[in-house]
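The structure appears right after this line, and notes come after that.
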Amino acid sequence: MFPGIKRIRGVVLFVTRRNPSAPRSFSIPKQGERMMGFLDWVAHVLPFMASPAFAISWYAIGVIGAVAIAIDANTANSALNPPLKVAWPIIVFFFSLVGVALYLVTSRPGDIGRVQGRKAKMERFTQYSKPTWRKVVASATHCVGGDGMGIMTAMVFARVEGFSFWGEFWFEYLIGYLLGWFIFQTWAMRMHDNGWFESIWKGGRAEFFSMITVMLGMGLVMRFITPATVGAQPLPDTYAFWTFGALGLMVGFIFTYPMNYWLVAIGWKHGQGHEDMLKKMNKDERDGRRGQEARTSKQ
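Residue numbers are given in the UniProt record's numbering: position 37 of the sequence shown equals residue 37, and the series is strictly consecutive.
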């Protein structure tokens, strides 16, 4: 049996069997055994993630991909929304090849490099971003990119200081929430011509719901998957710390996708695209032409 499984098995079976007289219809022990079966499977499948070869390869691709996307987002794909120009490199750093694939499929039109002119690039990017699923992936990326920096920074501190599981969980939640709220979400809301106070309010509202689901996924990995595989919460000077931290963020990304779908659907988040800015630019151009025509007619 792999490290950590015995301890988790004891906790699960204590909880599920503490009332032997419970009606059999509840099938509580069977549920506990199914959970232990899953953790046994995880313990056999995921140990490779703690190996130096995997961790170094994973993050080497992540670093190269993050640098390449940061350059691309400021050159060929310059129409990418500014907060995403920061969020995508963070995501790719932690998600490695998975992050690169997500970026290419959801936030980079294949022909954007051939489009010339700022407005033309914005129009092409906005057209490409119309499918709801692309907006939702971008919304989740924006969320996990900001939260992830806070979560991983807090995790380093918490592990070094020896926090308990719940102490670490809520510390990560707090730091991730504050970073996501005051930097990434508020910044995104400011891009939609909201004032500072309105941006702070709307950003905090969106971040609250997003962060719940991100930390749910992260917490499940921290509580069950990591100890089942490596036996204890790894310290920052181990390969397992960084690979299982990345796994937690990816599970958090999956968990927050439905929440971000709802937030985009009700207009609390916007994903990506420049609909509002293009409307304003077109209006300014029309007003400019009318003014020019009026001046010409007077002459």
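All C-beta atoms in this analysis are idealised placements derived from N, C-alpha and C, irrespective of residue type, glycine included.
*Can you round the beta-carbon distance between Thr153 and Ala87 to whole angstroms, since I take them to be within the 8 Å contact cut?*
Wrong, their Cβ atoms sit about 16 Å apart, outside the cutoff.
*asked:* Using C-beta distances below 7 Å, list every residue in its chain close to Glu207, excluding the 5 sequence neighbours before and after it, in chain order.
replied: Cβ within range, chain order: Tyr177, Gly180, Trp181, Gln185.
*Measure the CB-CB distance between residue 300 and Val144 and report whether it falls below 9 Å.*
Nothing can be reported for residue 300: it is not among the residues displayed for the chain, which extend from 1 to 299.
*Should Arg108 go down as buried or exposed, given a rule of 16 or more other Cβ atoms within 10 Å for buried?*
Around the beta carbon of Arg108, 16 or more other beta carbons lie within 10 angstroms, which makes this residue buried.
*Three-state secondary structure (DSSP) at Arg34?*
Looking at Arg34 - three-state DSSP - the assignment turns out to be helix.
*Is residue 304 helix, strand or coil by DSSP?*
Nothing about residue 304 can be reported from this structure: the residues present for the chain run from 1 to 299 only.
*asked:* Can you tell me whether Ala73 is helix, strand or coil according to DSSP?
replied: DSSP places Ala73 in helix when its eight states are reduced to three.
*Alpha carbon to alpha carbon, what distance is there between Ala53 and Phe244?*
Distance between the alpha carbons of Phe244 and Ala53 is about 14 Å.
*Can you say whether Ala188 is buried or exposed, counting buried as having 16 or more other CB atoms within 10 angstroms of its CB?*
By the 10 Å Cβ count, Ala188 comes out buried.
*By how many angstroms is the C-alpha of Ser297 removed from the C-alpha of Leu102?*
Approximately 53 Å, taken between the alpha carbons.
*Sub-9 Å separation of Ile90 and Gly146 beta-carbons*: Judged by their CB atoms, Ile90 and Gly146 are nearer to each other than the 9 Å cut-off.
*Using CA coordinates, which residue listed in Leu235, Val160, Val221, Ala246 is at the minimum distance from Leu39?*
If we check each option's Cα against that of Leu39, Val221 comes out closest.
*Contained alpha helix (DSSP H) runs [length at least 4] in the region 213 to 242, N- to C-terminal order*: Entirely contained in the region 213 to 242, the alpha helix (DSSP H) runs reaching 4 residues are, in chain order, 226 to 230.
*In terms of residue numbering, what span does the alpha helix (DSSP H) encompassing Lys135 cover?*
The continuous alpha helix (DSSP H) containing Lys135 extends over residues 132 to 161.
*What residue from Lys279, Gly252, Gly148, Tyr239 has the CA that sits closest to Phe93's CA?*
The shortest Cα separation from Phe93 among Lys279, Gly252, Gly148, Tyr239 belongs to Gly148.
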